[in-house]
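J.: Residue numbers (the numbering used here), protein chains in the order written: chain A, 21 to 613; chain B, 4 to 398; chain C, 1428 to 1582.
Every residue gets a Cβ at the ideal spot worked out from N, C-alpha and C, and that includes glycine.
A single structure is presented below for examination.
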Amino acid sequence: MVNLTINGIAVSVEEGQTILEAAEKLHIKIPTLCYHKDLCVAGNCRVCVVEQVGNNKLVASCAMPVSEGMEINTNTLKVRNCRKHIIELLLTEHNEECTKCYRNGHCELQELAAEYQITNQDFIDLVPDKNYTVDRISPAIEKDDSKCIRCQRCVRTCAEIQSVGAIAVAHKGSEMKISTVFDRALDEVVCTNCGQCIVHCPTGALTEKSYVEKVWDAIADPETHVVVQTAPAVRIGLGEELGFEPGTRVTGKMVSALRRLGFDSVLDTDFTADLTIMEEGTELLTRLKRALVEDDPDVALPMATSCSPGWVKYIEHKYPEYLPNLSTCKSPQQMFGALAKTYYAKNVKVDPQNIISVSIMPCTAKKYEANRPEMKDSGYKDVDFVLTTRELAVMIRQAGIEFEKLNDESFDSIMGTGSGAAVIFGATGGVMEAALRTAYEIVTGREVPFENLEILPVRGLEGVKEASIKIEGTVDDWKFLEGVELKCAITNGLENAHQLMDNIKKGESFYHFIEIMACPGGCLGGGGQPYPVDDEVRMKRMQAIYNEDSDLPIRKSHENPEIVQIYKEFLEEPLSHKSHKLLHTTYVKREQY
Amino acid sequence: MTTTKKQLHRIDLIFKNEQDCKEILRNALARSNQEVINEMVNSGLKGRGGAGFPTGLKWKLTAEQKVDEKFVICNADEGEPGTFKDREILTRVPHKVLSGMAVCAKIIGARKGYIYLRGEYKFLVPNLKKELRRFHDILDELGLDFRVEIFMGSGAYICGEESALFESMEGKRGEPRNKPPFPTEIGYMDKPTVINNVETLAHSYTILKYGAKKFRELGVKDSRGSKVFSVSGDTPIPGIYELELGMSVQDFVDDFGDGDTKAVQVGGASGFLVPRKRFGKTSIGYQGKLTGISLPTGGSMMIFNSSRSMYNVLNNYLDFFEEESCGQCTPCRVGCQQLLKGIKAVKRGEKPASYLDQLLKLTDTMKLTAKCGLGQSVANSFSSIVENFREEMIY
Amino acid sequence: MDFQEKLVHDLVAKHGTDRENLLPILQGVIDQERYLSEEAILKIAKEMSIPAADVYGTATFYSFLDTDPRGKYVIRVCKTITCAMKGKNQIIQAIENFLKIKVGETTIDKKFTILQTNCLGWCHKAPAMLVNDDVYTELTPESVVDILREYREEN
């Protein structure tokens, strides 16, 4: 342990910790900008500088390791003057259009400036002479360099957490900026649209492309029938935007709010999550049969989940040779979209031409997914607009809804019922768990051998999780699986996907089924969720998801009555011709770097 | 009436044409590590790149690291405006530099060494390669497992900063690192590394040959030994000169000025401008208890006569820093832009003269908070020029 | 394999795929092509398994690793203080008049590019310039034209 004093107060911390961490222990807040718990230390913004007795320079508390007998002062006149200067300098490089900015009221630079009462702007405004790039081309992410403070949090996120590397620091001196290769649009490089850069960005430099106005227009249009679907992770994240603690379940209020916003039908993505399990479960069993019974050498194992569009784009760029391993199932969002303008339209007797299908997602990559050219199997654009959890909160606030006072309401039907297996899609390991609950029962006639159906080995924030389930006592149809140890792997965050795929490529690991989520924690930590976020917040959201699951009356996808109904009335059976047409898709090889 | 021009004592240690490096090496390698370290420490040799860190101590600290792989790097990324001594040293006496590297390698236990050579000096490579071949043959004969390779820079002043240099050698942008940890512990490839300036290594050769005592006889108090100065500007005798440390700027001007010297820039754009009225009170050396102000220096001495506008000079420096800054930290990246635009605005009358005081306060912040020496040193020339030539900034 | 692919492939084979080898490889392409095109950057990224944005970001840090097209002979005139004092503006003007282009531009026959650069380390013989890797010092408006004429007439 190392002993030091901060502002005269003694504290003991482990060797190797920084002044910032020691201050945290004493509940002394030192402001930061480039520092983020998820990322390696940068030490470039210089906002966190503090005075160290005996040192004639100020030191960056995020980077400076503690030493025995160190004396630190965090709030001297020198420190405050320097900090003010640094904030003022950042503001001179910054396009100060706060009232027009998406991050107004929720921006770390703005908060810092307000805290330090930066009222007079002595220095020269540098913005007019700059040629800042503003990239609004991608359907998912917008990059506005005029608001960038060069903290490099996005670059570190894209490189360390996601191992994508679509953006990097380029040029030097006054020209230094965050850029793609040759400053191409994000839409034209390996960006997976995961949006992790957005949730780590302290300002409005990186935001999602907003479709709020388009959705308002659709709702206002008397000719259109607007349906909305909501992803599992939204119902446990939305509260954070509207004054609740992280991990508060607001499902009922969310439904109520959506109705008040004017949507014609409030439905649940959980329904198609259950559908995904039916289709994907059957697909997996089919592949296993081909492998184990027919000895088909061409069957692609492991089969990988395909509901994370960030992961899909990632594999299209980086591991295109493994595209056959991806499940052909669309994501629940896209399945829903295709059904909204066919099955649902028929049911409510509305001309699909007049249906606008909106989805609320914890995700930014879903915006890209909805715009993929092949997503038109209904005969129309299957999903018209995708809103993030954050955008939904914007609409709720604009509508003047006092969210916390709402009563709980229930989803509409016929695509509004979801099982517990569906809601856990929002957490890493959830798809795997949901699939196992159904597949195991189909194959053995018994429930998965876990108390309360909680398959604990697949749960948790760990980057790469492995689980294997021994299949014994199969029913006749599935005898070929008797004794097979079904090997599964689950990863969250693309760096972990990269590790897993490399292992598989090298032949070091063998699995039958892998679940890959692009975002740390799974969808609950998605690019469309409230920020700031760190592992503590992710854990709270995760707990909320699993609580939703255990409180639901139906816990398995195949027991969802609406699922039984859609097969009976419309799809016939999993992997039927109709299922293939509406619920399955193809992939595309993309440029590797 | 004639005045006899007082000439500063010219030293001839560095450039002396001595071809005995094999012998010097043999003797040095035969001595114990502790003996050599003591010699280096006793000599009082401080880094000649400008930072002035005691060389013996640097070697000692690196030697103490219990790590198998270590490196010796010669910092030949000379880029400070007005500095050209390292080029001369590498052209005329490269074997001395290499000998210094070899002895250091033996002391610290390094098997690999590099010369980080700035891209602008690429024409030195053919000769250096020839020299390296000869040198490696000598090392083979002496039985020292040490190989030196040249690593080329590509036009970035900041790569002269030691941690930025490591980043560059690791194939990345030359962005300075957080310190601590220091290179003696975590350097190139995260291994303990001794990084020394070209001249420092050449001086090591001198110390090993003639002993610490002879080196200490030159110079004063905390600034021992000789230093190679690069002299340019308004002087009839521009060039390289090896002189003693501790001289006053007045003595220097008497020797090198053109009779009309208005100011001397000591230590390049990151150094200080000494106005005529302070020539007598300022001496050249490392921070220490000398009379007047002592100035750390890489040895760049640029002389300005009365025809020169100090505004143009400052403008030139700030333009240089604005471009060469790595750009990662706020005070330097934005501060340099503000200073440059600021003096232009005052000159054009867009900002009042009092704005210069705001800018001086800004340089205080830069000095206290910038991540590396570049950002921290901009204050030096800015404040010394603005404080001493305020009129020229305004009119 | 086209010429550039072979160039990159050979450079990577010579230096290695580890990250530390990136600068020599970028320099190798510059030696042949005088600048780093988008295609070159992508090829290097692929061969070394480094994200293209990262290769680009690294290259653009260094003043000599141009990502804008350059001529066969890149002229870099020093603009730092001593060269400025000793007349670099007249030198630049002479070059601009001779080549009929301005600083930052390349001649139509793609033979010459004029750029400015920072201290080359020849302050005692200012003004100075580089033409590719060769240095010329104590320039006068006349001598610089003579030097460039020789380059121009070179086959």
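Which runs of the beta strand (DSSP E) fall wholly inside the stretch 173-230 of chain A and span at least 3 residues, in chain order?
T.: Runs of the beta strand (DSSP E) inside the stretch 173-230 of chain A: 188-190, 197-199 and 226-228.
J.: When Cβ atoms are compared, which residues of the stretch 1446-1474 of chain C fall closer than 8 Å to chain A?
T.: The stretch 1446-1474 of chain C vs chain A, Cβ under 8 Å: E1465, I1468, L1469, A1472 and K1473.
J.: Assign I376 (chain A) to one of three DSSP states: helix, strand, or coil.
T.: Strand at I376 (chain A).
J.: Taking only three categories from DSSP, how would you classify R150 (chain B)?
T.: Note: R150 (chain B) maps to strand in three-state DSSP.
J.: When you compare only the Cα positions, how much space is there between R1497 (chain C) and L343 (chain A)?
T.: Rounded to the nearest angstrom, the two C-alpha atoms are 41 Å apart.
J.: Which chain C residues sit within Cβ distance under 9 Å of F275 (chain B)?
T.: Within chain C, no residue comes near F275 (chain B); the closest Cβ sits about 14 Å away, beyond 9 Å.
J.: Check whether chain D comes within 8 Å of P183 (chain B), counting only Cβ atoms and requiring the distance to be less than that.
T.: In the structure shown, chain D does not exist; the protein chains are A, B and C.
J.: Does T1507 (chain C) get closer than 8 Å to chain A when you measure Cβ to Cβ?
T.: Answer no: the Cβ-Cβ gap between T1507 (chain C) and chain A never drops below 8 Å.
J.: Looking at the structure shown, is I39 (chain A) part of a helix, part of a strand, or coil, going by DSSP?
T.: DSSP places I39 (chain A) in helix when its eight states are reduced to three.
J.: Should M298 (chain A) and P594 (chain A) be called a contact, given that it needs their Cβ atoms to be closer than 8 Å?
T.: Yes, they are a contact pair.
J.: Please name the residues in the stretch 235-261 of chain B whose beta-carbon is closer than 8 Å to at least one beta-carbon of chain C, in chain order.
T.: Those residues of the stretch 235-261 of chain B that come within reach of chain C (Cβ to Cβ, closer than 8 Å) are S235, G236, D237, P241, G242 and I243.
J.: For D15 (chain B), count the other beta carbons within 10 Å of its own beta carbon; 16 or more makes it buried, fewer makes it exposed. Which is it?
T.: When all chains shown are included, D15 (chain B) counts as exposed.
J.: Please tell me whether G357 (chain A) and M395 (chain A) are closer than 8 Å, where the distance is taken between their beta carbons.
T.: Yes.
J.: Let me check one thing: in DSSP terms, what residues is R1503 (chain C) bridge-paired to?
T.: C:L1542 and C:L1557.
J.: Which residue marks the beginning of the alpha helix (DSSP H) containing N78 (chain B), and which one marks its end?
T.: Counting along the chain, N78 (chain B) falls outside any alpha helix (DSSP H), though it belongs to the beta strand (DSSP E) covering F74 to A79.
J.: Give me the Cβ distance between P322 (chain A) and H532 (chain A), rounded to the nearest whole Å; I'm assuming they're in contact under 8 Å.
T.: That pair is a contact at about 6 Å.
J.: Should the stretch 470-482 of chain A be regarded as contacting the stretch 490-506 of chain A, the criterion being three or more beta carbon pairs within less than 8 Å?
T.: Result no; under three Cβ-Cβ pairs closer than 8 Å.
J.: DSSP three-state call for E178 (chain B): helix, strand or coil?
T.: In the structure shown, E178 (chain B) sits in coil (DSSP, three-state: anything other than H, G, I, E or B).
J.: Taking 7 Å as the limit between beta carbons, can you name the residues of its chain near T1487 (chain C), skipping five residues before and five after?
T.: Answer for T1487 (chain C): T1494, listed in chain order.
J.: Using CA coordinates, which residue listed in A:I107, A:E261 and A:C543 is at the minimum distance from V69 (chain A)?
T.: The candidate whose alpha carbon is nearest that of V69 (chain A) is A:I107.
J.: Checking contacts by CB at 8 Å: is K525 (chain A) closer than that to chain C?
T.: So, not an interface residue.
J.: Going along chain C in order, which residues have a C-beta closer than 9 Å to the C-beta of K217 (chain B)?
T.: Ordered by position in chain C, no residue passes the 9 Å Cβ test against K217 (chain B), which lies about 29 Å from the chain.
J.: Evaluate F126 (chain B) with the Cβ neighbour count: other Cβ atoms within 10 Å of its Cβ, from every protein chain shown; 16 or more gives buried, anything less gives exposed.
T.: By the 10 Å Cβ count, F126 (chain B) comes out exposed.
J.: When you compare each of B:E26, B:N20 and B:F56 to D225 (chain B) by their alpha carbons, which one comes out closest?
T.: Cα-wise, what sits closest to D225 (chain B) is B:F56.
J.: Is it true that the stretch 513-520 of chain A meets the stretch 220-233 of chain A, where meeting means three or more beta-carbon pairs spaced less than 8 Å apart?
T.: At 8 Å Cβ cutoff, the stretches do not touch.
J.: Any contact between the stretch 416-429 of chain A and the stretch 492-501 of chain A? By contact I mean 3 or more CB pairs, one from each, below 8 Å.
T.: Verdict: no, contact absent.
J.: Residues bridged to I198 (chain B) by DSSP?
T.: Bridge partners of I198 (chain B): B:I76.
J.: Could you confirm whether any beta carbon from chain A is found closer than 8 Å to the beta carbon of D1481 (chain C)?
T.: True, the Cβ-Cβ gap to chain A drops below 8 Å.
J.: Going straight from the alpha carbon of K609 (chain A) to that of S529 (chain A), what length do you get?
T.: Those two C-alpha atoms are separated by around 24 Å.
J.: Looking at chain A, is there any beta carbon in it that lies within less than 8 Å of the beta carbon of K1484 (chain C)?
T.: Here the sequence assigns Gly to residue 1484 (chain C), which means Lys is not the residue at that position. Yes, its Cβ sits closer than 8 Å to a Cβ of chain A.
J.: Please classify F392 (chain B) as buried or exposed, where buried requires at least 16 neighbouring CB atoms within 10 angstroms.
T.: Buried, by the Cβ-count rule.
J.: Confirm, please, whether the CB-CB distance from I565 (chain A) to V443 (chain A) is below 8 Å.
T.: Closer than 8 Å, so yes.
J.: What is the residue span of the beta strand (DSSP E) that G242 (chain B) lies within?
T.: Here the beta strand (DSSP E) through G242 (chain B) covers G242 to E247.
J.: Let me know if H56 (chain A) comes out buried or exposed under the rule of 16 or more other beta-carbons within 10 Å of its beta-carbon.
T.: Under this definition H56 (chain A) is a buried residue.
J.: Between which two residues does the beta strand (DSSP E) carrying N512 (chain A) extend?
T.: Its beta strand (DSSP E) spans residues E505 to N512.
J.: Which residues, in chain order, does the stretch 370-398 of chain B contribute to contact with chain A at a C-beta distance below 8 Å?
T.: So the list reads K370, L371, T372, A373, K374 and Q379, given in the order they occur along the chain.
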